[in-house]
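Converting from the sequence shown to my numbering requires adding 4 to each position, the first position being numbered 1.
Working notes, beginning with the structure itself.
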Amino acid sequence: MRIAILSTIENSIWAGTEEVWYQFVKYVLEHKHEVLVLMHKNVAESEQVQALKGEGVKVSIRHPFKPTRLYLAKEGYLPEHLKDLKHFQPDVLLINSGSLLDVNNLPYLRNFVTSASCKKIFFCHFVADLLMPHDRTGINQLLNQCEAVIFVSNHNKNLAQRQLANRLPHSYVIPNASKFQLDVPLPFQTGDTVCFASVARFETLWKGQDMLLELLSSDKWQARDWRLNLYGSGHDEAYIRGLIKMYGLEAKVTIMGYEKDVKQLWQTNDVLLLPSRGEGMPLAVIEAMMCGKLVVCTDVGGNKEILEDGVSGFIAENYTVNAFNIALENAWVKRESWQNIGLEAFKAANELNINNPSKRLLVLINDFVSV
Numbered sequence: 005m006r007i008a009i010l011s012t013i014e015n016s017i018w019a020g021t022e023e024v025w026y027q028f029v030k031y032v033l034e035h036k037h038e039v040l041v042l043m044h045k046n047v048a049e050s051e052q053v054q055a056l057k058g059e060g061v062k063v064s065i066r067h068p069f070k071p072t073r074l075y076l077a078k079e080g081y082l083p084e085h086l087k088d089l090k091h092f093q094p095d096v097l098l099i100n101s102g103s104l105l106d107v108n109n110l111p112y113l114r115n116f117v118t119s120a121s122c123k124k125i126f127f128c129h130f131v132a133d134l135l136m137p138h139d140r141t142g143i144n145q146l147l148n149q150c151e152a153v154i155f156v157s158n159h160n161k162n163l164a165q166r167q168l169a170n171r172l173p174h175s176y177v178i179p180n181a182s183k184f185q186l187d188v189p190l191p192f193q194t195g196d197t198v199c200f201a202s203v204a205r206f207e208t209l210w211k212g213q214d215m216l217l218e219l220l221s222s223d224k225w226q227a228r229d230w231r232l233n234l235y236g237s238g239h240d241e242a243y244i245r246g247l248i249k250m251y252g253l254e255a256k257v258t259i260m261g262y263e264k265d266v267k268q269l270w271q272t273n274d275v276l277l278l279p280s281r282g283e284g285m286p287l288a289v290i291e292a293m294m295c296g297k298l299v300v301c302t303d304v305g306g307n308k309e310i311l312e313d314g315v316s317g318f319i320a321e322n323y324t325v326n327a328f329n330i331a332l333e334n335a336w337v338k339r340e341s342w343q344n345i346g347l348e349a350f351k352a353a354n355e356l357n358i359n360n361p362s363k364r365l366l367v368l369i370n371d372f373v374s375v
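See below:
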């Protein structure tokens, strides 16, 4: 089978959405299928893509557009992808969309997808209350062209149905899983200082580092023995540094940058703090769970579908400073139970791996291609 994958992200080299299709491609190659990935120049520069090219994966690169008269007159002009897709002759095009809106908001991608004559499957990784569609008709038309629409959580599917006023009868849910598996959870630190970690791109609108720093600047939290390591990169780094300085947290909060080795990260940290304002099915949560670490997060995306509050983690009822403070306080007073709670999280993460999302996605694609 020939599988083409369209990556919609344009503003970063790598993201959780890319990790999902990357793991899927590796699984597909093991089963002797051919793959073409259509991507932005930024993504093509990643070491993951370079590795895939070495394994025989074909890559089609689109370059940043400049607002010239020619572009404005031909907003649907995407010659690289059109030429490469036609030459590849795929059985299916998997549209790996960062959000429900990506393709519809980028006219050249929308026109490219519409012009593709093969069967199409739309894989949506993010739906949020704060990201409302302004062109429901256009998005519904796009989704109706697809054989199937896949979401990473029931929360995202239900929210998309409401936002689009569309039951999406051809929709499915395939939750994410950890890219690695451990036989036993990692141990917790033995010292008195609690090591918090925030593992998320530096995009405060969605990842909430701004709320987290405000919360930890309170007198109550300043008086406690903890350190926070911020892992990630992104356009809000300068803003986050400014908040650390403004709140006087320089002695307690450190920006660590992007860390590729997740298992190494969790060797030296014990608690994931993720006060997101929106999620799909966050890999950062799943990977912390696989390491047997404590997770404190917000009730967004699929968090409640993989974590049970007070049993395998702690979930804030909303993405506000007050709500996250309550959840973090509940976790703090149960420090003697963190090892057991982490063990429950570890078990839940292993269940996600047993269900193998890459295998489920390939089976679904094969079913539609075979019809």
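Idealized CB from N, CA, C, for every residue including glycine.
Assigned secondary structure, Asn233 (DSSP; H/G/I helix, E/B strand, else coil) = On the sequence shown, residue 233 is found 229 positions in, with the first residue counted as 1. In this structure, Asn233 counts as strand in the three-state DSSP scheme.
Name the two residues that bound the continuous alpha helix (DSSP H) containing Ser362.
-> Locating residue 362 in the sequence shown gives position 358, counting from the first residue. Where Ser362 is concerned, the enclosing alpha helix (DSSP H) stretches over Pro361 to Ser374.
By DSSP, does Val214 sit in helix, in strand, or in coil?
-> Taking the first residue of the sequence shown as 1, we reach residue 214 at position 210. This sequence places Asp at residue 214; Val is not what is there. In the structure shown, Asp214 sits in a helix (DSSP, three-state: H, G or I).
When we look at the beta-carbon of Ile358 and count the other beta-carbons within 10 Å, is it buried (16 or more) or exposed?
-> As a working mapping, residue 358 is identified with position 354 in the sequence shown. Burial call: exposed.
Range of the contiguous alpha helix (DSSP H) that encloses Ala352 | Along the sequence shown, one-based indexing puts residue 352 at 348. Its alpha helix (DSSP H) spans residues Trp342 to Ile358.
Please go through the stretch 83–156 and give each complete beta strand (DSSP E) segment of 3 or more residues, from N-terminal end onward.
-> 96–101, 123–128 and 152–155
Starting from Val289, trace the alpha helix (DSSP H) both ways and give me its first and last residue.
-> Numbered from 1 along the sequence shown, position 285 holds the residue referred to as residue 289. Run containing Val289: Leu287 to Met294, per the alpha helix (DSSP H) assignment.
Between the CA atoms of Phe184 and Gly296 - distance to the nearest angstrom = As a first step, residue 296 is located in the sequence shown; it is residue number 292 there, counting from the start. As a first step, residue 184 is located in the sequence shown; it is residue number 180 there, counting from the start. Distance between the alpha carbons of Gly296 and Phe184: 13 Å.
Relative to the C-alpha of Asn162, which residue among Leu366, Val177, Glu151 and Ala152 is closest?
-> Locating residue 162 in the sequence shown gives position 158, where the first residue counts as 1. Of the listed residues, the one whose Cα sits closest to Asn162 is Val177.
By the 10 Å Cβ neighbour count, where 16 or more other Cβ atoms means buried, how is His91 classified, buried or exposed?
-> Here the question's residue 91 lines up with position 87 in the sequence shown. Classification for His91: exposed.
Report yes if the C-beta distance between Gly306 and Val131 is below 8 Å; otherwise report no.
-> Indexing the sequence shown from 1 puts residue 306 at position 302. Indexing the sequence shown from 1 puts residue 131 at position 127. Not in contact: Gly306 and Val131 (Cβ atoms no closer than 8 Å).
Indicate whether at least one CB of chain D lies closer than 8 Å to the CB of Val61.
-> The chain inventory of the structure shown lacks chain D, comprising one protein chain alone.
Spatial neighbours of Pro361 within its chain, please: CB distance less than 7 Å, with the 5 preceding and 5 following residues excluded, ordered by chain position.
-> Position 357 of the sequence shown, counted from the start, is the residue given in the question as residue 361. Within the same chain, Pro361 has close Cβ partners Ile178, Pro179, Asn180 and Ala181.
Would you mind working out which of Phe126, Asn160, Asn158 and Asp133 sits nearest Gln145, comparing C-alpha positions?
-> Residue mapping note: residue 145 aligns to position 141 of the sequence shown, counting from 1. The shortest Cα separation from Gln145 among Phe126, Asn160, Asn158 and Asp133 belongs to Phe126.
Classify Met5 as helix, strand or coil using the three-state DSSP reduction.
-> For this step, residue 5 is matched to residue 1 along the sequence shown. In this structure, Met5 counts as coil in the three-state DSSP scheme.
Host alpha helix (DSSP H) of Ile330 (start-end) = Position 326 of the sequence shown, counted from the start, is the residue given in the question as residue 330. Here the alpha helix (DSSP H) through Ile330 covers Val325 to Trp336.
Would you tell me roughly how many angstroms separate the C-alpha atoms of Asn158 and Asp313, rounded to the nearest one?
-> Reading the sequence shown from its first residue, position 154 is the one you call residue 158. Reading the sequence shown from its first residue, position 309 is the one you call residue 313. If you take the alpha carbons of Asn158 and Asp313, they lie about 18 Å apart.
Counting Cβ pairs, one atom from each stretch, are 3 or more of them under 8 Å apart for the stretch 43–61 and the stretch 7–25?
-> yes
Verify whether the separation of the beta carbon atoms of Ile369 and Ile7 is less than 8 Å.
-> Working through the sequence shown from its first residue, we reach residue 369 at position 365. Working through the sequence shown from its first residue, we reach residue 7 at position 3. Taking 8 Å as the Cβ cut-off, Ile369 and Ile7 qualify as a contacting pair.
Leaving out the 5 sequence neighbours to the left and right, which residues in its chain are closer than 7 Å to Leu168 when beta-carbon positions are compared?
-> Residue 168 sits at position 164 when you count from the first residue of the sequence shown. Pro137, Arg140, Ile143 and Asn144, listed in sequence order.
Do the stretch 276–284 and the stretch 259–266 meet, that is, are 3 or more Cβ pairs less than 8 Å apart?
-> no
Express the C-alpha separation of His67 and Asn334 in angstroms, rounding to a whole number.
-> As a first step, residue 334 must be located in the sequence shown, where it is residue number 330. As a first step, residue 67 must be located in the sequence shown, where it is residue number 63. Cα to Cα, the separation comes out at about 48 Å.
If you follow the alpha helix (DSSP H) that Ile248 is part of, which residue opens it and which one closes it?
-> For this step, residue 248 is matched to residue 244 along the sequence shown. Where Ile248 is concerned, the enclosing alpha helix (DSSP H) stretches over Glu241 to Met250.
What did DSSP end up calling Asp223 once you bin it into helix, strand or coil?
-> The sequence position of residue 223 within the sequence shown is 219, counting from 1. If DSSP states are grouped into helix, strand and coil, Asp223 belongs with the helices.
CB of Leu253 within 8 Å of CB of Leu220, strictly | Working through the sequence shown from its first residue, we reach residue 253 at position 249. Working through the sequence shown from its first residue, we reach residue 220 at position 216. Cβ atoms of Leu253 and Leu220: closer than 8 Å.
Distance between Glu309 and Val289 (C-alpha atoms, nearest Å) = Locating residue 289 in the sequence shown gives position 285, counting from the first residue. Locating residue 309 in the sequence shown gives position 305, counting from the first residue. Their Cα atoms are separated by approximately 12 Å.
Going by other Cβ atoms of all chains shown within 10 Å of its Cβ, with 16 needed for buried, is Ser175 buried or exposed?
-> Mapped onto the sequence shown, residue 175 falls at position 171. Buried: at least 16 other Cβ atoms inside 10 Å.
Who are the Cβ neighbours of Glu59 in its own chain at under 7 Å, not counting the five residues just before and after it?
-> Locating residue 59 in the sequence shown gives position 55, counting from the first residue. Excluding sequence neighbours, Glu59 sits near Leu33.
Terminal residues of the continuous alpha helix (DSSP H) containing Arg205?
-> Counting from 1 along the sequence shown, the entry for residue 205 is found at position 201. Segment: none, Arg205 is in no alpha helix (DSSP H) and carries neither H nor E.
How should Asp196 be labelled, buried or exposed, when 16 other C-beta atoms within 10 angstroms of its C-beta is the threshold for buried?
-> For the purposes of this step, residue 196 is taken as residue 192 along the sequence shown, with counting starting at 1. Exposed, since its Cβ has fewer than 16 Cβ neighbours within 10 Å.
What's the gap between the Cα of Leu172 and the Cα of Ser50?
-> Here residue 172 is taken as the residue at index 168 of the sequence shown, counted from 1. Here residue 50 is taken as the residue at index 46 of the sequence shown, counted from 1. Taking the straight line joining both Cα atoms gives about 34 Å.
Alpha carbon to alpha carbon, how far is Lys351 from Lys124? Give it in angstroms, no decimals.
-> As a first step, residue 124 must be located in the sequence shown, where it is residue number 120. As a first step, residue 351 must be located in the sequence shown, where it is residue number 347. Going from the Cα of Lys124 to the Cα of Lys351 covers about 35 Å.
Counterpart residues of Ala320 in DSSP-defined beta bridges = Locating residue 320 in the sequence shown gives position 316, where the first residue counts as 1. Looking at the DSSP assignment, Ala320 forms a beta bridge with Thr302.
Could you have a look at Ile65 and say whether DSSP puts it in helix, strand or coil?
-> As a working mapping, residue 65 is identified with position 61 in the sequence shown. Three-state DSSP puts Ile65 in a strand.
Let me know if Thr21 comes out buried or exposed under the rule of 16 or more other beta-carbons within 10 Å of its beta-carbon.
-> Walking along the sequence shown from the start, residue 21 turns up at place 17. Its Cβ being crowded by 16 or more others within 10 Å, Thr21 is buried.
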